Amino acid sequence: MLIIAAYIIYEQQVPFSERYHNETLAFQLRIDKNLVGPYAVFFGDSHIQGLAVQELNMPAINFGIGSDTSQGVLNRLSLYESTNNALFIYLAVGFNDLKDRSNEKILLTFGKIIEGLPGDKPVFISLLPPIDEKVFRKVNVTNSRINRLNEALVKFQKTYNNVTIVNPGLKLIDSAGSLRKQYHIGDGVHLSPQGYAVMIDYLNQTFRQRSLINSDQRVF
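Numbering (my numbering), first residue to last: 336 to 555.
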């Protein structure tokens, strides 16, 4: 009874988002310890968590956690052993930072993330995806601000030899630069199955062009 009571108190005191993050992380680390690899390792927030990496033409593992931030990824990256034997590391995070962190602070955290990863592994950084501004309306989250942050992120490709910038969002926008209606689930942010299909096709083409997949869709 004391254990049950203690757990109830814990649930009441710890925000759901924090409990979810910690519980998901615990499950991921169990998976990580059993990986023989090498795998393409994906880190990020809900945009990554919803990605069916099984549809990429390579062995891949998904370590996305919904609502995660760049600081959250930085805090947990060193816990994963699979990064040391990765085909490459893919990062897609930063959207959830926009509501309460400046672009400058987000960029500083990205730098720390890259410097904490194995320097001999290719790192792909995904630019932040666009939103549908007709649906998603937040003061600190606009496509204009996302574009400014993305422009700054592009510079990482020149700063770090092992970093490549990718931009799946280019395939998802309308003529005004907003996320197309058919590519989100109705909230203006999270991708629909159609949106993810476009993203998967973009990633497969990108990795093939980078010689990570050959023409027979086998991993080198």
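The beta-carbon is built from N, C-alpha and C at its ideal position, and this holds for glycine as well. Since this is a predicted model, take the numbers as computed values, not measurements.
Out of Lys-368, Asp-432, Glu-358, Lys-456, point me to the one whose CA is closest to Phe-621's CA. Since the first and last residues shown for the chain are 336 and 555, residue 621 lies out of range.
Go ahead and label Gln-363 buried or exposed: buried means 16 or more other beta carbons lie within 10 angstroms of its beta carbon, across all protein chains shown. buried
Go to Tyr-425, then tell me how far its beta strand (DSSP E) extends in each direction, as first and last residue. 423 to 427
Residue closest to Lys-447, alpha-carbon to alpha-carbon, out of Gly-407, Ile-535, Leu-484: Gly-407
Alpha-carbon spacing of Lys-434 relative to Gly-523, whole angstroms: 16 Å
Given this structure, state the Cα-to-Cα distance separating Val-476 from His-356, to the nearest angstrom. 23 Å
Could you give the distance in angstroms between the alpha-carbon of Gln-544 and the alpha-carbon of Pro-350? 43 Å
Assuming contact is defined by CB atoms lying nearer than 9 Å, are Leu-386 and Ile-500 in contact in what I supplied? no
Going by the CB atoms, is the gap between Pro-464 and Leu-391 shorter than 9 Å? No; because the gap between Cβ atoms is not below 9 Å, this pair is not in contact.
Roughly how many whole angstroms lie between the Cα atoms of Arg-480 and Thr-359? So the alpha carbons of these two residues sit roughly 30 Å apart.
If we count the other Cβ atoms within 10 Å of its Cβ and call it buried at 16 or more, is Ala-511 buried or exposed? exposed
Asn-497 by DSSP, collapsed to three states: which one? When secondary structure is reduced to three states using DSSP, Asn-497 falls in the coil class, being assigned neither helix nor strand.
Span of the beta strand (DSSP E) around Gly-451: Taken as a continuous stretch (DSSP letters only), Gly-451 belongs to no beta strand (DSSP E), being part of the alpha helix (DSSP H) at 438 to 451.
Any non-hydrogen atom of the ligand HEM closer than 8 Å to Asn-475 Cβ: The ligand HEM is not among the ligands present in this structure, which contains no ligands whatsoever.
Can you name the start and end residues of the beta strand (DSSP E) that Asn-397 belongs to? Run containing Asn-397: 395 to 399, per the beta strand (DSSP E) assignment.
I'd like the span of the beta strand (DSSP E) that includes Val-376, first residue to last. Counting along the chain, the beta strand (DSSP E) containing Val-376 begins and ends at 375 to 379.
Report buried or exposed for Val-371, applying the criterion of at least 16 other Cβ atoms within 10 angstroms of its Cβ. If you draw a 10 Å sphere on the C-beta of Val-371, you find fewer than 16 other C-beta atoms in it, and that means exposed.
Need the endpoints of the beta strand (DSSP E) that Ser-461 sits in, please. Segment 458 to 461, the beta strand (DSSP E) holding Ser-461.
Have a look at the DSSP bridge pairing and note the partners of Val-476. Paired residues: Lys-473.
Closer than 8 Å by C-beta to Ile-343: which residues in its own chain qualify, once you throw out the five before and the five after it? Chain order, please. For Ile-343, the predicted model reports a pLDDT of 39, less than 50, meaning its position is unreliable and no value from the coordinates is stated.
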